[in-house]
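Novice: I have a structure I would like to understand better, so I am pasting it below and will then ask my questions one at a time.
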Amino acid sequence: MLIQTCSIKSEMQDMLLVFFLGDSISVYGAVMNINRGNPFQKEVVLDSWPDFKAIITRRQKEAETDNLDHYTNAYAVFYKDVSAYRQLLEEHGVINWDQVFQIQGLQSELYDVSKAVADSKQVDVKLASFKAVCLSTVSTADTSSLMSSSPRLTYLSLADVDLLNQTWSRGGNEQCRRYIANLISCFPSVCVRDDKGNPVSWSMMDQFATMCHGYTMPEHRRKGYNRLVILTLVRKLQSRGFPCQGNIMDDNTTSINLAKSIHGDFLPCRFHRLILTPPAFSGQVHP
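Per the UniProt record's numbering, the sequence shown runs over residues 1 to 287.
What follows is the structure, encoded as structure tokens:
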């Protein structure tokens, strides 16, 4: 096991971009955030360097943590050799198997290999799988026509945390509330507000540079706000050099159609998120 150093992390980001961006996009986003101040206190573990076969990004060991917080206790994975990934999983000290955590990635063997190792440790694994989409360059013209109704376009603030926690399908608990607050504090977001200043539509970026929690309040749907928010966030991320990526549930036809209408590129691979729960925390985990 090798832990990344300042001398290799920028080179690692370039290698991921040039050769493997589709399958490695979660790791790429995490490394990019590490190179830009590392607000989530991440580090990168490799099997070897420079001829690596597997990479795992994880929370730094000295970072403060909550053993039930799988939102923040998050690992992103990319491998060129699946056996090298398995070896990293099995190596002592790479993964903290004594807490609830998540593993995410876009490679087909990710679930089977992770589950096999987890089963040997009696750790429960729950899989969620989504369509993966990348969004291309957005011009000013793409959003200018949507501004005719003059919505108040701004960004999320910490005052919005409770609303976002209540409306996110993954939310409704204290760990998620704290995680959302950290995302808002650390990363770009876009929000449409009504004339009273209340959020009506929004989206933000997460620790893996993924666009997440796109949501419009039911009474404000079919007004084009979601499209405006997404296109504006894409422009904001692109201006800062971030990839524009997202994950969509298979039955979310509205978001799928929106992604198609703005020329989103659906990747041939799927995004996989695994929630792993050791026996000590069985029954205490939110989805």
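For each residue, glycine too, the CB sits at the ideal point set by N, CA and C. Note that the coordinates shown come from a computational prediction; the quantities given were computed from them, not determined experimentally.
1) Could you check if residue 173 belongs to the surroundings of the ligand NAP, using beta carbon to heavy atom distance under 7 Å?
2) So which of 176, 153, 223 has the shortest CA-CA distance to residue 189?
3) Looking at the secondary structure, which residues open and close the alpha helix (DSSP H) in which residue 177 lies?
4) Does the region 117-129 come close enough to the region 256-267 that 3 or more CB-CB pairs lie under 8 Å?
5) On the three-pair Cβ rule with 8 Å, is the region 258-277 touching the region 235-242?
6) If you scan the region 40-126 from start to end, which runs of the beta strand (DSSP E) of 3 or more residues do you find wholly inside it?
7) Decide if residue 131 is buried, meaning its Cβ has at least 16 other Cβ atoms within 10 Å, or exposed.
8) From 58, 65, 120, pick the residue whose C-alpha is nearest to that of residue 104; which is it?
9) Start and end of the beta strand (DSSP E) containing residue 245?
10) Starting from the C-beta of residue 158, find all residues in its chain whose C-beta is less than 8 Å away, skip the five residues before and the five after it, and write them out in chain order.
11) Are the beta-carbon atoms belonging to residue 102 and residue 275 less than 8 Å from one another?
12) Figure out for me which residue from 106, 60, 135, 31 has the closest Cα to the Cα of residue 236.
Specialist: Straight from the coordinates:
1) This structure does not include the ligand NAP; it has no bound ligands of any sort.
2) 153
3) 174-186
4) Segments in contact, no.
5) no
6) Scanning the region 40-126 from its first residue to its last, the whole beta strand (DSSP E) runs of 3-plus residues come out as 42-46, 54-59, 74-79, 101-105.
7) buried
8) 58
9) 245-248
10) 181, 184, 185
11) yes
12) The candidate whose alpha carbon is nearest that of residue 236 is 135.
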